[in-house]
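S.K.:
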Amino acid sequence: MQTDQGRVIIVTGAGSGIGAATAARFITAGDRVALLDRDEEALARQLGRHAGAADRVMAQRVDMAVSADVDAAVDAVVARFGAVDVLVNNAGIGGFGHVDRLPDEKWRQVFAVNVDGVFYASRRALPHIIARRGNIVNIASISGTGGDHGFAAYNASKAAVINLTRAMALDHGGEGVRVNAVCPGLVQTPLSQQLCETPEVAARYMEAIALGRLAQPEEIAETIFFLASPAASYVTGAALVVDGGLTSATGQPNFTRLLTGETRTGT
Ligand SMILES: NC(=O)c1ccc[n+]([C@@H]2O[C@H](COP(=O)([O-])OP(=O)(O)OC[C@H]3O[C@@H](n4cnc5c(N)ncnc54)[C@H](O)[C@@H]3O)[C@@H](O)[C@H]2O)c1
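Under our numbering, the first residue of the sequence shown carries the number 99, and numbering increases by one thereafter.
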């Protein structure tokens, strides 16, 4: 619900990458925005960036893996702004390792942040979101729609986020609440730095991505902003892929190049 002061938006993992770009998008739109992150220095940097809107921007340190922390952070937002219209569950971590070599701590860490964190924040914020007929946007990944070599815990965690999105959309649709997920492909952020900067990996990506380039965080932020807006009033339970065409491929070889020898930019 739009108010004179703008909606109240919570963005988790707002200290960096997609979360920082998303917070900036809502701030630019005139909304009141709470930036949540476990990295206090990153939060301070973002607060400085938005100093001109200090009256409607707040930052709250939180570890999304700790239920009591998340409860306290959501409560702090309600204490400051009096409501929650939109929750963007964006905080997330990667993790490399095959199942037969994954220690308990690593598996638990990935699930604690990527899945438990979404559950904790949604649980605490939902009564407020229901009161405003607001919505939730969860940041999943194309890694939640299929398997990747070496990313077992991450794949499983992001698939859980997609199905949690669908379940919450069913459970709360009758209360006027929409719940959607965004599934980005490769986005240029600190999380994906190693993938973007390893030449062989980057070259393989460029072959596989229809648009022939990786995404900027602002492009994902625009999609999140759309899903959270009245323009998406009939969209719920969706897992919107934003990957430049990466998952449009069946995985078969590039016939154009192999059979005709023709090469085009990005193929
Ligand atoms: N970058 C990509 O290519 C890509 C692709 C698909 C999905 N995603 C997803 O997008 C989301 C954002 O990723 P990003 O690339 O912007 O990453 P990033 O590393 O740039 O930012 C993530 C932010 O989350 C915060 N965070 C991490 N663990 C936290 C915790 N326990 N509590 C609170 N804050 C925590 C970090 O401090 C950081 O500021 C993640 O859920 C990620 O899985 C990213």
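C-beta: ideal position from N, C-alpha, C; glycine also. Note that the coordinates shown come from a computational prediction; the quantities given were computed from them, not determined experimentally.
Name the DSSP bridge partner or partners of residue 149?
M.R.: In the sequence shown, the residue the question calls residue 149 occupies position 51. None, per the DSSP bridge assignment.
S.K.: Near residue 263, what residues of its chain come up, given a Cβ to Cβ distance below 6 Å and the 5 sequence neighbours on each side ignored?
M.R.: Indexing the sequence shown from 1 puts residue 263 at position 165. Here the set comprises 236, 277 and 279.
S.K.: Flag this pair as yes or no: are the beta carbons of residue 110 and residue 156 separated by less than 8 Å?
M.R.: As a working note, residue 110 is residue 12 in the sequence shown. As a working note, residue 156 is residue 58 in the sequence shown. Result no, Cβ atoms of residue 110 and residue 156 do not sit closer than 8 Å.
S.K.: Let me know if residue 135 comes out buried or exposed under the rule of 16 or more other beta-carbons within 10 Å of its beta-carbon.
M.R.: Against the sequence shown, residue 135 aligns to sequence position 37. Residue 135 is buried by the Cβ-count criterion.
S.K.: Going by the C-beta, is residue 188 closer than 7 Å to any heavy atom of ligand 2?
M.R.: In terms of ligand content, the structure shown lacks ligand 2 and carries ligand 1 instead.
S.K.: Within the same chain, show all residues whose beta-carbon is closer than 8 Å to that of residue 99, passing over the 5 residues directly before and after it, in chain order.
M.R.: Looking up residue 99 in the sequence shown gives position 1. At residue 99, the pLDDT of 43 sits below 50, so the modelled position is not reliable; the number obtained from the coordinates is stated separately. Cβ within range, chain order: 105, 183, 230, 231 and 232.
S.K.: Using the three-state DSSP reduction, which class does residue 158 fall into: helix, strand or coil?
M.R.: Position 60 of the sequence shown, counted from the first residue, corresponds to residue 158. In this structure, residue 158 counts as strand in the three-state DSSP scheme.
S.K.: Please report the straight-line C-alpha distance between residue 326 and residue 226, rounded to a whole angstrom.
M.R.: Here the question's residue 326 lines up with position 228 in the sequence shown. Here the question's residue 226 lines up with position 128 in the sequence shown. Cα-Cα distance, rounded: 15 Å.
S.K.: Which residue's Cα is closest to the Cα of residue 197: 339, 249 and 268?
M.R.: Position 99 of the sequence shown, counting from 1, holds the residue named residue 197. The candidate whose alpha carbon is nearest that of residue 197 is 249.
S.K.: Rounding to the nearest angstrom, what Cα-Cα distance links residue 343 and residue 309 in this structure?
M.R.: Counting from one through the sequence shown, the residue named residue 343 turns up at place 245. Counting from one through the sequence shown, the residue named residue 309 turns up at place 211. In a straight line, the C-alpha of residue 343 is about 7 Å away from that of residue 309.
S.K.: If I'm right that residue 108 touches residue 186 with Cβ under 8 Å, what's the distance once you round it to whole angstroms?
M.R.: Indexing the sequence shown from 1 puts residue 108 at position 10. Indexing the sequence shown from 1 puts residue 186 at position 88. That belief holds up - the Cβ atoms of residue 108 and residue 186 are roughly 7 Å apart, short of 8 Å.
S.K.: May I ask whether a heavy atom of ligand 1 can be found less than 7 Å away from the beta carbon of residue 133?
M.R.: Residue numbering aside, residue 133 sits at position 35 when the sequence shown is read from its first letter. The answer is no for residue 133.
S.K.: Alpha helix (DSSP H) containing residue 246: first to last residue?
M.R.: Residue numbering aside, residue 246 sits at position 148 when the sequence shown is read from its first letter. Careful: residue 246 lies outside any alpha helix (DSSP H) and carries neither H nor E.
S.K.: Which of the three DSSP states, helix, strand or coil, is assigned to residue 201?
M.R.: For the purposes of this step, residue 201 is identified with residue 103 of the sequence shown, where counting begins at 1. Coil, per DSSP.
S.K.: Can you tell me whether residue 291 is buried or exposed? The criterion is at least 16 other CB atoms within 10 Å of its CB, across all chains shown.
M.R.: The count along the sequence shown starts at 1 and reaches residue 291 at position 193. Exposed, because fewer than 16 other Cβ atoms sit within 10 Å of the Cβ of residue 291.
S.K.: So is the beta-carbon of residue 211 under 7 Å away from any non-hydrogen atom of ligand 1?
M.R.: As a first step, residue 211 must be located in the sequence shown, where it is residue number 113. Checking the Cβ of residue 211 against ligand 1 gives yes.
S.K.: Hey, is the stretch 118-126 in contact with the stretch 142-149, meaning 3+ C-beta pairs nearer than 8 Å?
M.R.: Yes, the stretch 118-126 is in contact with the stretch 142-149.
S.K.: For residue 158, count the other beta carbons within 10 Å of its own beta carbon; 16 or more makes it buried, fewer makes it exposed. Which is it?
M.R.: The sequence position of residue 158 within the sequence shown is 60, counting from 1. Result: buried.
S.K.: Figure out for me which residue from 200, 195 and 188 has the closest Cα to the Cα of residue 220.
M.R.: Indexing the sequence shown from 1 puts residue 220 at position 122. Among 200, 195 and 188, the Cα nearest to that of residue 220 is on 188.
S.K.: For residue 334 versus residue 271, is the C-beta distance shorter than 8 Å?
M.R.: Taking the first residue of the sequence shown as 1, we reach residue 334 at position 236. Taking the first residue of the sequence shown as 1, we reach residue 271 at position 173. Going by C-beta atoms, residue 334 is nearer than 8 Å to residue 271.
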